Amino acid sequence: MNMEHEEIIQQSAKLIKEGISTYTTIQSALLDEVGLEEMPISQPMQCMQDFLDAEINGDKDTAMKKLFAAGIALANDSGVLPLTDNSPEMISTIADDTLTRTKVAYQVATGDIQIEDVTDTLIDNAAARAMAVADVAVENGLPLIVERVCDAVSLSFPPLAEVALLAKPILKHVAVRVAPKVKEVVKKGISVVSSVAKQAARRVIDAVRETGRKVGNWLQTMLFQ
Amino acid sequence: MAKSYDEIMAALLEAYEAHPEMDVEQIIAQVSAEIGASENCQKTIQETSALLDKFQEKRTSLAAAHEEGDTTQKWILLEANRITEGKSEEEKNNLLEGIAKAVNKGVESIESEE
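Heads up: the sequence lines are chains A and B, in that order.
With this note's numbering applied, the first sequence covers 1 to 225.
With this note's numbering applied, the second sequence covers 1001 to 1114.
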């Protein structure tokens, strides 16, 4: 392997890691607890409590994620949940990410994990998803051309506004199926994680503005209200 | 009449809670049939489930890499090498550049005026 090639791949890996860090930071800032206020309390389910309590990224998580992903797909198919993109990559990414974030928030509030570990957990999850999508695409014959790879893998980094929109109903369905005091713990955890992330996200936004680029009104409203 | 998203999620979660002996894919298939999911939707669900398994596989690999003292960045490189085994240097570069571009596209979505 020549030096120039080595430098290119090291630089690309660095850009991937840094980009994922920025993306996940802003996403954390968007997960807000406000929408949990109005929900009715329904019958708590043991499976939901077990999901929240289980080790983050353990094998038990995948079953719950499959249920929620199927729910999104079925609702879209029935015409009751419009999606701009209903690809398996987008649906699996949103289910995986939102449920992981909800668990992380809960376990921050219970003290099972430290707030300092949240960022690394979410970055690692996003990196794992990106490489999984790339791996499957290449296995399925995707030509290794930059734009084709970009198009395939970008499905695992959906537009942040869309993620924020779809996260709300997922979060709602977790919260209505746990005991009221557990819902309060989830709310508290989301508030803590989002508050820390908002500070970091604002620094990102300021840096973007300094380059002369504009930041969308939707994001300014969510971060600076 | 189409079920609402809330009704669909309730059906899935209640079936999952009531049948711990059943595999989650069986539960999903059962509820999908009751709702009358299209063939296209069933295919999407199967592919989505397969991807979720793949995500978990990669997370396990990344966790093992951390145990060995490797960083996430290094794991990304090792994975890229594995995915492009037998391919040219240009193709390896293209994979990583393509992924970097995809991430950047996600970050740039903060500039949307919506």
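Note that CB positions come from ideal geometry on N, CA and C, so glycine has one too.
Since this is a predicted model, take the numbers as computed values, not measurements.
Using a CB distance cut-off of 8 angstroms, residue 98(A) does not count as an interface residue toward chain B.
Burial state of residue 1109(B) is buried, judged by a 10 Å Cβ sphere holding 16 or more other Cβ atoms.
The shortest C-alpha to C-alpha distance from residue 1013(B) to any of 44(A), 142(A) and 123(A) is the one to 44(A). Taking the beta carbon of residue 88(A) as reference, the chain B residues within 9 angstroms of it are 1043, 1044, 1045, 1046, 1047, 1048, 1049, 1050 and 1051, listed in sequence order.
The segment 100 to 108 of chain A makes no contact with the segment 1029 to 1043 of chain B, as fewer than three CB pairs between them are under 8 angstroms.
In chain order, 122, 123 and 126 place their CB closer than 6 angstroms to the CB of residue 24(A), counting only its own chain and leaving out the 5 sequence neighbours on each side. CA-to-CA, the gap between residue 113(A) and residue 19(A) works out to about 24 angstroms.
Within the segment 62 to 78 of chain A, the residues whose Cβ lies closer than 7 angstroms to some Cβ of chain B are 62, 63, 65, 66, 67, 69, 70, 71, 73, 74, 75, 77 and 78, listed in chain order.
Residue 133(A): member of the alpha helix (DSSP H) spanning 115 to 139, first to last residue.
Look at residue 1048(B) here: in three-state DSSP terms it is helix.
Using a CB distance cut-off of 8 angstroms, residue 185(A) does not count as an interface residue toward chain B. Between residue 178(A) and the set 210(A), 48(A), 171(A) and 212(A), the nearest pair of CA atoms involves 48(A). For a Cβ distance threshold of 7 angstroms, residue set 71 and 173 of chain A lies close to residue 1009(B), ordered along the chain.
Chain order gives the chain A residues near residue 1079(B) as 131, where near means a beta carbon separation below 7 angstroms.
At least one CB atom of chain B sits nearer than 8 angstroms to the CB of residue 15(A). If you check each beta-carbon in the segment 1087 to 1098 of chain B against every beta-carbon of chain A, the ones closer than 9 angstroms belong to 1087, 1088, 1089, 1090, 1091, 1092, 1093, 1094, 1095, 1096, 1097 and 1098.
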